Amino acid sequence: MTSLVMPAPAERPLRAITRLLVTVRDPHDRRYRPVGFLTDEDRGYCFSYLEREVGRDDFRPLPGMARAVEGPVHSQTLFPLFAERVISSRRPDRQTSLEALGLTADAAPFEVLLRSHGQRVGDTVELLPAPYAAQGDDVSFTFLTHGVRHLPQENQNRITGLTHGEPLHLVAEHSNPVNPKAQVVTDTEQVTLGWMPDPLLEIVEQVDNQRLVVERANPPNVGFHFRLLARLTGQVSRGRELFAGDAWRTVAPRD
Numbered sequence: 001m002t003s004l005v006m007p008a009p010a011e012r013p014l015r016a017i018t019r020l021l022v023t024v025r026d027p028h029d030r031r032y033r034p035v036g037f038l039t040d041e042d043r044g045y046c047f048s049y050l051e052r053e054v055g056r057d058d059f060r061p062l063p064g065m066a067r068a069v070e071g072p073v074h075s076q077t078l079f080p081l082f083a084e085r086v087i088s089s090r091r092p093d094r095q096t097s098l099e100a101l102g103l104t105a106d107a108a109p110f111e112v113l114l115r116s117h118g119q120r121v122g123d124t125v126e127l128l129p130a131p132y133a134a135q136g137d138d139v140s141f142t143f144l145t146h147g148v149r150h151l152p153q154e155n156q157n158r159i160t161g162l163t164h165g166e167p168l169h170l171v172a173e174h175s176n177p178v179n180p181k182a183q184v185v186t187d188t189e190q191v192t193l194g195w196m197p198d199p200l201l202e203i204v205e206q207v208d209n210q211r212l213v214v215e216r217a218n219p220p221n222v223g224f225h226f227r228l229l230a231r232l233t234g235q236v237s238r239g240r241e242l243f244a245g246d247a248w249r250t251v252a253p254r255d
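Numbering (my numbering), first residue to last: 1 to 255.
Next up, the structure:
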């Protein structure tokens, strides 16, 4: 009797990240908190506030985004608030910055924001990856480590010596005076290389089989913010879905 060999189930390809979590640094505790989502759509962009943010007593709309209080707003072009955070072609260090992020000169604006976090010197807005992923889905995203400027010089030197694909670790830092849930990024010798952005901590807790590696490690001339770009991969935990639930509900359009 001839046995039938069943083909292995096809692996689901990773879904491209088309959504960014918009965060703002709180002036009191200096931590970043989520305020909404910026989504790259087929024919433009969409911005939506989180319900919990609009419901805050001290809520203040982001510059130029007051209309979104009534529900999602759409635009064929990138909203000025975010467009001004794309590395300008007029900047003399544009090529160096793009190379530090592993991007080519023709990278799309949304891709630049995804890799760079859209931050500017002295700014209080940061954009973080917000992948769509449900139970069992593979997930992969990059993030820039925070706090490099506060590290001892020998730790900063270690970043320069890292290579692409080198293993990294996330280590809980319960003694952190600002956030007891903080996660430190270290090398295999437990040398501190920075911190994971606070708004991603809850999301990382929902990812199993985590693997953290160096995506890009850069010398001091690129600036503290671009020194270390890490990549986290894994699978969404059983019974979970990233950025789902009441805490992540966005303001619905009014009838």
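Every residue gets a Cβ at the ideal spot worked out from N, C-alpha and C, and that includes glycine. Predicted model only: the values in this text are computed from it and were never measured.
Would you decide whether residue i is buried or exposed? Buried here means 16 or more other CB atoms lie within 10 Å of its CB.
i       : result
Ile-17  : buried
Glu-53  : buried
Phe-141 : buried
Arg-175 : The identity of residue 175 in the sequence shown is Ser, whereas the question assumes Arg. With fewer than 16 other Cβ atoms within 10 Å, it is exposed.
His-164 : exposed
Ala-105 : exposed
Phe-59  : exposed
Arg-249 : exposed
Gln-340 : Within the shown structure, residues of the chain are numbered from 1 to 255, placing residue 340 beyond reach of any answer.
Ala-247 : exposed
Gly-64  : exposed
Val-139 : buried
Ala-230 : buried
Arg-115 : buried
Arg-158 : buried
Between the C-alpha atoms of residue i and residue j, what's the straight-line distance to the nearest angstrom?
i       : j       : result
Gly-102 : Arg-216 : 7 angstroms
Arg-33  : Asp-198 : 8 angstroms
Ser-88  : Glu-166 : 31 angstroms
Val-73  : Glu-51  : 14 angstroms
Gly-44  : Val-22  : 17 angstroms
Ala-100 : Asp-57  : 40 angstroms
Arg-67  : Ser-48  : 10 angstroms
Gly-122 : Pro-27  : 12 angstroms
Arg-15  : Tyr-132 : 8 angstroms
Val-222 : Gln-95  : 11 angstroms
Leu-78  : Leu-151 : 35 angstroms
Arg-120 : Leu-98  : 15 angstroms
Phe-110 : Glu-70  : 24 angstroms
Leu-127 : Leu-81  : 11 angstroms
Gln-76  : Glu-41  : 9 angstroms
Gly-55  : Pro-253 : 15 angstroms
I'd like to know whether the C-beta atoms of residue i and residue j end up nearer to each other than 7 angstroms.
i       : j       : result
Met-196 : Gln-206 : no
Glu-241 : Ala-134 : yes
Asp-208 : Gly-234 : yes
Val-171 : Thr-186 : yes
Asp-137 : Val-214 : no
Val-148 : Gly-194 : yes
Leu-212 : Leu-162 : no
Phe-224 : Asn-218 : no
Any heavy atom of the ligand FAD within a distance shorter than 6 angstroms of the CB on residue i?
i      : result
Tyr-32 : Ligands in the displayed structure: none, and consequently the ligand FAD is not present.
Can you name, in chain order, every residue of its own chain whose Cβ lies under 8 angstroms from the Cβ of residue i, other than the five neighbours on each side?
i      : result
Thr-39 : Thr-18, Arg-19, Leu-20, Tyr-45, Cys-46, Phe-47 and Ser-48
Here's a check: name, in chain order, each residue in its chain whose Cβ is nearer than 6 angstroms to the Cβ of residue i, leaving out the five neighbours to either side.
i       : result
Lys-181 : Leu-201
Ile-203 : Leu-242
Thr-160 : Pro-219
Looking at chain C, is there any beta carbon in it that lies within less than 7 angstroms of the beta carbon of residue i?
i       : result
Arg-254 : Judged by its chain identifiers, the structure shown contains no chain C, having just a single protein chain.
Could you name the residues of the same chain whose beta carbon sits closer than 7 angstroms to that of residue i, not counting the 5 residues immediately before and after it, in chain order?
i       : result
Val-24  : Tyr-32, Arg-33, Val-35, Thr-124 and Val-125
Leu-113 : Leu-20, Phe-82, Arg-85, Val-86 and Leu-127
Asn-179 : Arg-31 and Asp-198
With a floor of 3 residues, list each beta strand (DSSP E) that falls wholly inside the segment 175 to 208, ordered by position along the chain.
183 to 186 and 192 to 195
Extract the residue ranges of the beta strand (DSSP E) inside the segment 16 to 84, only unbroken runs of 3 or more that lie entirely within it.
19 to 25, 32 to 41, 44 to 49 and 73 to 75
Length at least 4, wholly inside the segment 103 to 154: the alpha helix (DSSP H) runs in chain order:
109 to 116
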